[in-house]
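Following: one structure in structure tokens, then a few remarks.
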Amino acid sequence: MLQDQEVHAAEFERTFIAVKPDGVQRGLSHRNCGVMRCGNHSTTILQPPMRDAISEIISRFERKGYKLVGIKVVVPTKEFAGKHYHALKDKPFFNGLSEFLSSGPVVAMVWEGEGVITYGRKLIGATDPQKSEPGTIRGDLAVVVGRNIIHGSDGPETAKDEINLWFKPEELVSFTSNAEKWIYGVN
Ligand code: IDP
Numbered sequence: 077m078l079q080d081q082e083v084h085a086a087e088f089e090r091t092f093i094a095v096k097p098d099g100v101q102r103g104l105s106h107r108n109c110g111v112m113r114c115g116n117h118s119t120t121i122l123q124p125p126m127r128d129a130i131s132e133i134i135s136r137f138e139r140k141g142y143k144l145v146g147i148k149v150v151v152p153t154k155e156f157a158g159k160h161y162h163a164l165k166d167k168p169f170f171n172g173l174s175e176f177l178s179s180g181p182v183v184a185m186v187w188e189g190e191g192v193i194t195y196g197r198k199l200i201g202a203t204d205p206q207k208s209e210p211g212t213i214r215g216d217l218a219v220v221v222g223r224n225i226i227h228g229s230d231g232p233e234t235a236k237d238e239i240n241l242w243f244k245p246e247e248l249v250s251f252t253s254n255a256e257k258w259i260y261g262v263n
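Below you can see the structure in the form of structure tokens.
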């Protein structure tokens, strides 16, 4: 039984997802507003509740049925950011993009599940938020291409490379969640 579960878990693909510095900061600035700047004003309580981008993004992947198997908050160096975006090194925006990715905390994650690479990209939406469908993360939460709040691997090879770049093997977990048999109908 346990063996079956292990085999099943091993069959799932993994993808690298990152909340970029703009996504992290947008969440933090809301918290700052509530706690530091307007925390003493009773009107704060009347403000409509806003969800920050980090929890919103995690929630969308989780609600779909995907499994979080690694997560950390890091501030990458510009050199590291350049490695992450090496495929775009000839683009005119490469330098600015690397600088931006290293400008603040990034929430780096690995998500696991059937079809998670391709479907993760659907959840994320088109690169340019102006072209992302409503209902997608970028469509709902971002406005311009240079601040599109989230990264997701675009294929199996990229996913493998990006996971290896951002995570050590021991930083990732393998487990079978209780929900899995209800999500996949196994056992
Ligand atoms: P993706 O993030 O949807 O996979 P890529 O083409 O791999 O899209 O581009 C990586 C990132 O580079 C984008 O998410 C976006 O932040 C940035 N980017 C892409 N095109 C432009 C552009 O024309 N100007 C500025 N930034 C761009």
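Numbered per full-length UniProt numbering, the sequence shown spans residues 77 to 263.
C-beta: ideal position from N, C-alpha, C; glycine also.
Just so it is clear, the structure is predicted and the values come from calculations on it, not from any experiment.
I need the DSSP call for ALA235, collapsed to helix, strand or coil. The count along the sequence shown starts at 1 and reaches residue 235 at position 159. ALA235 falls in the helix class under three-state DSSP.
Report yes or no: do three or more beta-carbon pairs, one from the region 211-228 and one from the region 132-139, lie closer than 8 Å? yes
Proximity to VAL249 [Cα-Cα], best of LEU241, VAL151, MET185 and GLY201: Numbered from its first residue, the sequence shown carries residue 249 at position 173. The option with the nearest alpha carbon to VAL249 is MET185.
Helix, strand or coil for GLN81, going by three-state DSSP, please let me know. Within the sequence shown, numbered from 1, the residue matching residue 81 stands at position 5. Because GLN81 carries a pLDDT of 46, less than 50, the predicted location of this residue cannot be relied on, and the following value inherits that uncertainty. Three-state result, GLN81: helix.
In terms of DSSP beta bridges, what is THR91 paired with? If you number the sequence shown from 1, residue 91 lands on position 15. Note: THR91 sits in a beta bridge opposite TRP187.
Is HIS162 near ligand 1, going by C-beta to nearest heavy atom under 8 Å? The residue labelled residue 162 in the question sits at position 86 within the sequence shown. No, the Cβ of HIS162 stays beyond 8 Å of every heavy atom of ligand 1.
Quick check: the Cα distance between THR120 and TRP258, rounded to an integer number of angstroms? Position 44 of the sequence shown, counted from the start, is the residue given in the question as residue 120. Position 182 of the sequence shown, counted from the start, is the residue given in the question as residue 258. Interpretation of THR120 is limited by its pLDDT of 43, a score under 50 that renders its predicted location unreliable; the figure taken from the coordinates is listed afterwards. Roughly 40 Å between the two C-alpha positions.
Among LEU173, LYS140 and GLU246, which one has its Cα closest to the Cα of PHE156? Locating residue 156 in the sequence shown gives position 80, where the first residue counts as 1. The option with the nearest alpha carbon to PHE156 is LEU173.
Mind the definition here: the region 160-167 touches the region 184-204 only if three or more C-beta pairs lie below 8 Å; say whether that holds. no
Less than 8 Å separating the Cβ of ILE200 from some heavy atom of ligand 1? Within the sequence shown, residue 200 is the residue found at index 124, counting from 1. Result yes, Cβ under 8 Å from ligand 1.
Under three-state DSSP, which class holds LYS167? Walking along the sequence shown from the start, residue 167 turns up at place 91. Looking at LYS167 - three-state DSSP - the assignment turns out to be coil, as it is neither helix nor strand.
Please determine if the region 95-103 and the region 193-200 are in contact, where contact requires at least 3 C-beta pairs separated by less than 8 Å. no
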